[in-house]
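> So that you can map any letter, position 105 of the sequence shown is 98 in my numbering, and since no number is skipped, the others follow by simple counting.
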Amino acid sequence: MDHRSSNGSHTNHDRHQRPNGSNEAMEKMQEKGKAREPYHSTAQPGSTMLNGLNGKMPEYLRHGDAKIDHSQNLKAHMNRLPEEIAHIAENYFPLSTLISRLAQKTHVDVLNTIQELGQMPAPVSAVNGNASYHGSVEDSSTENVSKKLRLLNFATSSHEAWTKALVITGWSRKAEEVTHLIDVRIHLEAQKQLYTQAIDLMAENKRALHNFRLPNPDLKTALEVLTTGKASWMPDLNYIQPPPLTAKEVLRSLEKLNTLLSIRLNLNDYESIPWQFKDFTIKSGRVTFTVPGEFEIDLTIADEDPESQYWYIDFRFCFQPSSASMSPGIRWHLENKVNEILLKDGLSGCYKYLHELILTYKINEFRRQAVTLARSTWIDTLRVEILNRPISIQYWLNRYSDHRNPKGVLTKGTKSWIILGVHSGKRKDGRQDPKATSRLFIRWFRESKEVKDVDVPFDVTNISAESLLKSIVAKHIDYILTSIYTNLVVKPLFANRELELSLKISHDNPTTSELRIQLTNEQHVTIRIDPISGRFVFGPMGRTFATFEAGLNDRIRDPANEGHTWIERLRMFLITEDLTTRALSVGWNKIGNPELRYDKVQQFAGKNHLGVVWFRRNGWLKDWYLAVSQSMSGETWYLVKTFVPAPKIYVSQAYPHSALVPTSIEPKNREVACAVKLPIKAHSPKPTYSFLSTLNIFAAGVASHYSNMKTLHAKHVHHMLGKGRASKGLTLPSIFAKFSELIPSKNRLPRTGKPWAKDIIRISFQGVEMAQQDSLDIANLDSPEKTPGYPSPNMPPASEYSVAERSVLITEAHMLVPLPQALLNINEQVDKDIVFNARNETFAIRLHSRVGESVIPALVERLVRVERLVEFVQVLDRYEKSLTCETVSLGRIVFTYRNNPAHDSIDAADIGFMSDLYRATIDFSAADNVMALLLERGNPHLRISDILSRILNGSEGLDGIATFLPLTLPVLRGFDAIEKAWDSDDLSGLGEVFINVRAQGAFDVPESVPWWYVRRSDDPARNKGEDALDQDFKILWKSSGPGWQGMSVSGVAQGAGAEILLVKIDEVVRAFALSGKSLDSIAQAPIPGPQKQAPVLNGRQQQQQQHRQQQPLPNMNQNQIQTQGRNNALKREVVEID
């Protein structure tokens, strides 16, 4: 074989001589390629090459120049091509890219093969350490064969790939010649195409010249005809011209035709006439078949044979708009076509053809008008599409756009359209109906769903695409508005005719269809739908209506089923806005949700509520709110009390060996403690200023009643609600509670043990009043006196609110004991919050509290005070001769007392001792029920005030005090007179007086005026005999005076006489001290002369005396009185008197 035959190819016979991947093999391959280059020939001898090269390569290509780059040579060679030949350079790739990609693939295959071989199991002989494994015997185990097969597969596939690359490399050496050949080939094909096109164009021109070719005018024949009236060359056929028909003959012929047509249609062809052609008229030798709303056709006959065909005469349209006249071409075509069908199919075929023609014509007319509308009044809202014969008209374009839900899923917007086509008219059961025929048919797709159960009437006689669209749109609007109306009319507000709702539908003019809704007592909205765009239109225009109109148009995808929700939201917004505006004007404050979860709100508002508006007023407790739940059932008003639940404590172990650590988790939301529904009769009351003001009073009353009843329930007090009295236009029930279970004394007076009031009290709400910080004296709300010492227990500090409201409640009780006169004037004198009525023996207490706060603790305190007051006033009435009541209130009683002389024979000098009045105050306003006896400065009873306090808070109470004060007053006055006498300067160095109490124990209150027994005590230290002082006392013990009597060795006194007796005893002791006698000497004591009365001390001396009285008594023996002098030189002698 010639070695030149291997040009462009390369065998693999020498592959064993070239190590894979060695540079030496590549060099040898390049040398072999160079060795074959002299034998390479690009053309046969004698062949004509491009650009005049005949069998020889260019000199610069055959020998080459080392100094000229290969790319420059190629460029120079390409430049020698004619400009007409375009160079094709598309879809070419460098050979280096192919080689590099193949090398990369081979490298990856090598790595994968090595990895797979390593993962394949080794032969068993090699694993067991068999010595013969490395011998000369070939291992034919399955594992070894698998490895060899895998390695062979890699080598085969790689060899095939590189062999193909080698072949491509060999052919790449002739790439330049092949490129030229491709360019020339494409150029030749293009030239050949030009020849073909030129021939076709010439043939077309030749065919078109026929229409422009005119024959040469025959002037000779024209001249002869114009001159003689005939042409000599035209043969004469000797035809006999028939005589012209007269009018009678024409009329006779037409009547004959009429007769023949009548006979044929009524006899011969009666059965074959289509049902639609039954309406025909015969006149003027023709029969006119009329199909109402479609066409009229005139036919005639040309033969008396009944089997002969009918012939077409004229055709007219019977609908508008239609063409008044047809062009000759169309008429000629229609005449030929109808005559052809009459010949083949008779009248039946003629009707079918013309009927289908008219239906197609009507569809095209609808399409034409719809296109005109889409380009004019319905622009951007109408789309017309041709579906073969039918047409599709889509209206309300882009009414419902695509949207994405919160999860990101795209939802396509719905579309609405109609399809106008031809219905076959066949019956569904397959039976033949001669009356059945095809007709225009409309399929309506409303919001992407076909509506099958609706009849869409449209006029096929007067064709109007706009009327058809209006009919469809009117039904669509009817569907939307009716659906909204149906969803709203079942709502309680509209069902009970609390609000007005009306629907007006027009099937001819959809612009007049409207839905009128009364939203509030003052707001109405009219909803219409634009027929062209399909968007909702709210009226009258306003900012709020415009906002909700845009929301209804842009956010609702199914307005028929979801449109009513926006109407409900609109009503809720209007009510909220109106309610908030008016509520702020009368003192209500709108607040946000008080940290209540939605499920907690549903517990009292229900699942169908649309929203809740929260209000509060200044002065309310922070946990009380007014919640207005809005729904289509109306507005429901709730008083809601919330609370913060206790934190949950979890016990956890931080580390494996650590102690348990309690962890407190604070709750994030509040809970509902109670929700009281306010009994408002109207479902949707008008939020007028008077209503909201009255609502404030009503809500405060309900909140107060709830808190009071809850407190009564917690105290286990029987109570119930009863009919209340009207207050400020409201009637709230009153709370009736059992009085004996409310106060600690069980309605029993401590002194008598008998009830003092009826066992039922009534608590009624009387309204609210404003309380400002400047004018509100919280300390005086419940205190009968305007002093800061009696704070109210049921009012918060004034710093909690500046301008607030407080509830006013009245508590009424019926008394069983007679009302003293002092209680009847209590309201006029001091306390304006309590009234006693002598006519019906009742009393009423007015209590104040913050809204939502219970008044029961304050009521209990007041009732306890009233109980004490009743008891105290009764006691004061019993002792009215010795005690005079000055002031009576629920917190204190102020009374005066004085000496009560035993008889009238008292010296004028002694009246001064008994004319002083002393004022005492009993305070029983303390919260711990401890009464306090308050005495003025200089009161003799200050000496025994502690004993009096114990008596007052003991079982004796005020009865004991009323008895004890007048009884002990003379004695205590005598003690004060003795102390005052010994404070003089004359006696300051002679002795000092100490008054000691021997013992403090129980005593009985006497029923009559007791006698005081005064004697000198038996001192064991002195002799039993008489001393000098006893001698001085004998004269006193043997005398008597007003209210006192000497008893030889002692003296007795009653009432005010005790003071006189003590003064006289002091005169004897002072005279003895001034005489300088000793107790041991027994002498005849001179008769003491009249001594002057104890001097009246000034204010400073009284303070010093009281200061000494308040000092603790010296630690001394009870059986002696020490007489101390200034110089201490005198002998200390003790005189003790009981």
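Cβ coordinates follow ideal geometry from the N, Cα and C atoms, glycine included.
1) Between which two residues does the beta strand (DSSP E) carrying residue 631 extend?
2) Are there three or more Cβ pairs, one per stretch, closer than 8 angstroms when the segment 702 to 711 is compared with the segment 731 to 741?
3) By the DSSP assignment, the alpha helix (DSSP H) with residue 985 in it spans what residues?
4) Check this for me: beta carbons of residue 886 and residue 914, under 9 angstroms apart or not?
5) May I ask which residues mark the beginning and end of the alpha helix (DSSP H) holding residue 968?
6) According to DSSP, which residues form a beta bridge with residue 275?
7) Once DSSP output is grouped into helix, strand and coil, what is the label at residue 311?
8) Note down the Cα distance separating residue 78 from residue 198, rounded to an integer number of angstroms.
9) If you follow the beta strand (DSSP E) that residue 664 is part of, which residue opens it and which one closes it?
10) Would the segment 535 to 552 count as touching the segment 580 to 597 if we require 3 or more Cβ pairs under 8 angstroms?
11) For the segment 939 to 947 against the segment 967 to 974, do three or more pairs of beta-carbon atoms, one drawn from each stretch, fall closer than 8 angstroms, so that the two count as touching?
12) If you reduce the DSSP assignment to three classes, tell me which class residue 377 lands in.
13) Between the Cα of residue 276 and the Cα atoms of 285, 266 and 306, which residue gives the shortest distance?
14) Using CA atoms only, rank isn't needed, just tell me which of 751, 871, 674 and 872 is closest to residue 834.
15) How about the segment 290 to 306 and the segment 327 to 345: do they share at least three Cβ pairs that are nearer than 8 angstroms?
16) Helix, strand or coil: how does DSSP classify residue 1043 here?
17) With 16 other CB atoms within 10 Å as the buried threshold, where does residue 192 fall?
18) Look at the Cβ atom of residue 882, then the Cβ atom of residue 869, and state whether they are nearer than 9 angstroms.
19) Please go through the same chain and pick out, in chain order, the residues whose beta-carbon is closer than 7 angstroms to the beta-carbon of residue 267, but skip the five residues on each side of it.
20) Counting along the chain, where does the alpha helix (DSSP H) carrying residue 477 start and finish?
21) Leaving aside the five residues before and after residue 876 along the sequence, list all residues of the same chain whose C-beta is less than 6 angstroms from its C-beta, in chain order.
22) On the criterion of 16 or more Cβ atoms from any shown chain inside 10 Å, does residue 321 qualify as buried, or is it exposed?
23) How close, in whole Å, do the beta carbons of residue 386 and residue 410 come, if the pair is a contact with beta carbons under 8 angstroms?
24) How many Å lie between residue 114 and residue 160 at the Cα?
25) List, from N- to C-terminal side, the beta strand (DSSP E) runs of 3 residues or more that fit wholly inside the segment 153 to 189.
26) Decide yes or no for the touch test of the segment 612 to 621 against the segment 837 to 849: beta carbon pairs closer than 8 angstroms, at least 3 of them.
27) Report the residue ranges of all alpha helix (DSSP H) runs contained in full by the segment 484 to 515; include only those spanning at least 4 residues, in chain order.
28) Roughly how many whole angstroms lie between the Cα atoms of residue 1096 and residue 925?
29) CB-CB under 8 angstroms to residue 538, same chain, minus the five flanking residues each way: which ones, in chain order?
30) Give, in chain order, every unbroken run of the alpha helix (DSSP H) that is at least 4 residues long and sits entirely within the segment 539 to 616.
31) Whole angstroms is fine: what's the gap from residue 483's alpha carbon to residue 348's?
32) Going by beta carbon distance, what residues of the same chain come within less than 6 angstroms of residue 479, once the five residues before and after it are set aside?
33) Cβ of residue 677 within 9 angstroms of Cβ of residue 627?
34) Buried or exposed: which applies to residue 440, given that a residue is buried once 16 or more other Cβ atoms fall within 10 Å of its Cβ?
35) At the level of alpha carbons, what is the spacing between residue 230 and residue 240?
36) Does the structure place the segment 270 to 287 close enough to the segment 362 to 378 that three or more beta carbon pairs sit under 8 angstroms?
On the basis of the data shown:
1) 627 to 636
2) yes
3) Taken as a continuous stretch (DSSP letters only), residue 985 belongs to no alpha helix (DSSP H), as it is neither H nor E.
4) yes
5) 950 to 974
6) 280
7) coil
8) 31 angstroms
9) 664 to 670
10) no
11) no
12) strand
13) 306
14) 751
15) yes
16) strand
17) exposed
18) no
19) 340, 341 and 344
20) 458 to 482
21) 869, 888, 890 and 955
22) exposed
23) 6 angstroms
24) 39 angstroms
25) none
26) yes
27) 485 to 488
28) Model confidence at residue 1096 stands at a pLDDT of 41, short of 50, so the residue's coordinates are unreliable and nothing is read from them.
29) 518, 531, 532 and 563
30) 552 to 578 and 591 to 598
31) 51 angstroms
32) none
33) yes
34) buried
35) 29 angstroms
36) no
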